[in-house]
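Single-structure report; data block below.
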Amino acid sequence: MSSVPVSRNASLHGHVAIVSGAARGIGGAVAVALAEAGAKVAVFDSLAADDTLAAATEQGAQCRGWRLDVSDEKAVNRAVAEVAASLGPISILVAAAGVMPSGTVDSALAQWRQVLSVNLDGARHLVAATYAAMVARGDGRIVLVSSVAARQGGLLAGAEYSASKGALVSLGRHIARNGAAHGVRCNIVSPGVIETAMNAQLPKPDPKTLPARRLGTPEDVAGPVVFLCSDQSNYITGIELPINGGQLFYP
Ligand SMILES: NC(=O)c1ccc[n+]([C@@H]2O[C@H](COP(=O)([O-])OP(=O)(O)OC[C@H]3O[C@@H](n4cnc5c(N)ncnc54)[C@H](O)[C@@H]3O)[C@@H](O)[C@H]2O)c1
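In this note's numbering, the protein residues as written are 1 to 251.
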C-alpha cells in the first residue's frame, strides 16, 4: 500500500478516526493516510484488515481493527463504544464500506435490500453512533464515500448501487446542514473508476479514452479525504467532491 503525501498543515494529531471498509481499497488508503497525518485510527471491516493495520501502524499511529458488518446496527454501536473507550473521543468518521453488484431495477428485491443495507444503512448506523458525541464536543468531521454512479447512473454498477450512492449524497447534505451549528461537518466524495478489488473482474474504460489517460488509485481518493477531515477545510461542509480525473465527462 503506497502512502499519500500529507501536508504538514493537515495534522490530525489528537484526533481519533473510524474508517469503515478499510481492510483494503479506498478505505484502506484513507486509514493509512489519516494515520500518516497523525490520527489514531479504528478500522471497521467485515474482512481481516492486517495489511491496513500494518501500514497504518508503520506511520507511528495507534491503530486497531474491528471485524463487523456495518449493516448490523448493534455491532456498530458496540464497536463505536469500544473505540471511544480504547482510543478516545471520535472526531473523524469516514464511511467507505460498500458493495457493488450489477443489478437492474427488476433484480431480486433481496439484492436491492442487501446493497442498501450495507451502502446506505451502514453509513447511517456509523453516523448515528458517533454524531451525538461529536456535537457534545463541538468537533466532528464526517466523509461519506458516494460514487460518480450517483450522477451517472452507474458505469459499471447496478440500479441498487446507484440509488444507494445518490441517497448518500442527500444524507450527507442533511447531516451537514444540521451539524454546522454544532461544529460537525459532513462532506461527500464521489470517486470515478478507481482500480480496486471491487471492480477487478469488470470491464473498465480504456485509460486512453479518459481525460487523465489513467484510472484512479485509492491514494487519489485518500488525499482529498484527509483534507476534508483536516482544519484546512473548516468552512467546507455539505459538498460533494468528484474525484475522477475528468471521468465525469465519460459517457
Ligand atoms: N472502486 C471504485 O471505482 C469506486 C468508485 C466510486 C465509489 N467507490 C466506493 O468506494 C468505497 C470503497 O470501495 P473500494 O473500491 O475500495 O472497494 P473494495 O471492495 O476494495 O473495498 C470495500 C471494503 O468494504 C468492506 N465491506 C463490504 N461490505 C461490508 C460490510 N457489510 N461491513 C463491513 N465492511 C464491508 C469490504 O470487505 C472491503 O474491505 C465503496 O463504498 C465504493 O462503493 C468505489
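Glycine is no exception: its CB is placed at the ideal position from the N, C-alpha and C atoms.
Are the beta-carbon atoms belonging to V30 and A149 less than 7 Å from one another?
One-based indexing of the sequence shown puts residue 30 at position 30. One-based indexing of the sequence shown puts residue 149 at position 149. At the C-beta level, V30 and A149 stay beyond 7 Å of one another.
Determine the contact status of G153 and G183, defining contact as a CB-CB distance below 7 Å.
As a first step, residue 153 is located in the sequence shown; it is residue number 153 there, counting from the start. As a first step, residue 183 is located in the sequence shown; it is residue number 183 there, counting from the start. No.
List in chain order: all unbroken alpha helix (DSSP H) runs of 4+ residues lying wholly within the region 128-170.
Complete alpha helix (DSSP H) runs here, min 4: 149-152.
Inter-residue spacing [alpha-carbon to alpha-carbon] between A200 and R24
Here the question's residue 200 lines up with position 200 in the sequence shown. Here the question's residue 24 lines up with position 24 in the sequence shown. Cα to Cα, the separation comes out at about 13 Å.
Straight-line Cα distance separating G28 from D220
Locating residue 220 in the sequence shown gives position 220, where the first residue counts as 1. Locating residue 28 in the sequence shown gives position 28, where the first residue counts as 1. The straight-line gap from Cα to Cα measures roughly 12 Å.
Residue range of the beta strand (DSSP E) that includes R113
One-based indexing of the sequence shown puts residue 113 at position 113. Taken as a continuous stretch (DSSP letters only), R113 belongs to no beta strand (DSSP E), being part of the alpha helix (DSSP H) at L109 to L116.
Is the beta carbon of Q169 sitting closer than 7 Å to the one on S146?
Taking the sequence shown and counting its residues from 1, one reaches residue 169 at position 169. Taking the sequence shown and counting its residues from 1, one reaches residue 146 at position 146. The sequence shown places Val at residue 169, rather than the Gln named in the question. Yes.
Determine the contact status of L228 and V135, defining contact as a CB-CB distance below 7 Å.
By 1-based counting over the sequence shown, the position of residue 228 is 228. By 1-based counting over the sequence shown, the position of residue 135 is 135. Going by C-beta atoms, L228 is not nearer than 7 Å to V135.
Look up I18 in the DSSP assignment and say whether it is helix, strand or coil.
Here residue 18 refers to the residue found at position 18 when the sequence shown is read from its first residue. Correct three-state label for I18: strand.
In the DSSP assignment, find the unbroken alpha helix (DSSP H) run with R213 in it and report its ends.
On the sequence shown, residue 213 is found 213 positions in, with the first residue counted as 1. Premise fails: R213 is in no alpha helix (DSSP H) and is neither H nor E.
By Cβ distance, which residues of its chain are closer than 7 Å to S11, with the 5 residues on each side in sequence left out?
Here residue 11 refers to the residue found at position 11 of the sequence shown. So the qualifying residues of the chain are A37 and G38.
C-beta contact flag for V225 and V94 at 7 Å
Position 225 of the sequence shown holds residue 225. Position 94 of the sequence shown holds residue 94. Yes, they are a contact pair.
Beta-bridge pairing of D69 - partner residues as DSSP gives them
Counted from its first residue, the sequence shown places residue 69 at position 69. Looking at the DSSP assignment, D69 forms no beta bridge with any residue, so it has no partner.
Give every residue of the same chain whose Cβ lies closer than 8 Å to the Cβ of L47, excluding the five residues on either side of it in the sequence, and list them in chain order.
Residue mapping note: residue 47 aligns to position 47 of the sequence shown, counting from 1. So the qualifying residues of the chain are A23, R24 and R67.
The region 42-56 touching the region 99-107, judged by at least three CB pairs closer than 8 Å:
No, they do not touch.
Tell me whether the beta-carbon of Q59 lies closer than 7 Å to the beta-carbon of K40.
Within the sequence shown, residue 59 is the residue found at index 59, counting from 1. Within the sequence shown, residue 40 is the residue found at index 40, counting from 1. No, the Cβ-Cβ distance between Q59 and K40 is not below 7 Å.
Measuring straight from C-alpha to C-alpha, what distance separates P251 and G14?
Here residue 251 refers to the residue found at position 251 of the sequence shown. Here residue 14 refers to the residue found at position 14 of the sequence shown. Its pLDDT being 49, under 50, P251 is placed unreliably by the model, and the measurement read from it follows with that caveat. Rounded to whole angstroms, P251 and G14 show a C-alpha spacing of 43 Å.
Can you find a heavy atom of ligand 1 that lies under 6 Å from the Cβ of R24?
Reading the sequence shown from its first residue, position 24 is the one you call residue 24. Yes.
Any non-hydrogen atom of ligand 1 closer than 6 Å to T52 Cβ
Walking along the sequence shown from the start, residue 52 turns up at place 52. Outside the cutoff, so no.
Sequence-distant residues of the same chain with beta carbon closer than 8 Å to A133, five excluded per side
The residue labelled residue 133 in the question sits at position 133 within the sequence shown. Correct list, in chain order: A84, P89 and I90.
Please classify L93: does DSSP put it in a helix, a strand, or coil?
Within the sequence shown, residue 93 is the residue found at index 93, counting from 1. In the structure shown, L93 sits in a strand (DSSP, three-state: E or B).
Span of the beta strand (DSSP E) holding V189?
Locating residue 189 in the sequence shown gives position 189, counting from the first residue. In the DSSP assignment, V189 falls within the unbroken beta strand (DSSP E) covering V184 to P191.
Does any heavy atom of ligand 1 sit closer than 6 Å to the C-beta of G21?
Counted from its first residue, the sequence shown places residue 21 at position 21. Within the cutoff, so yes.
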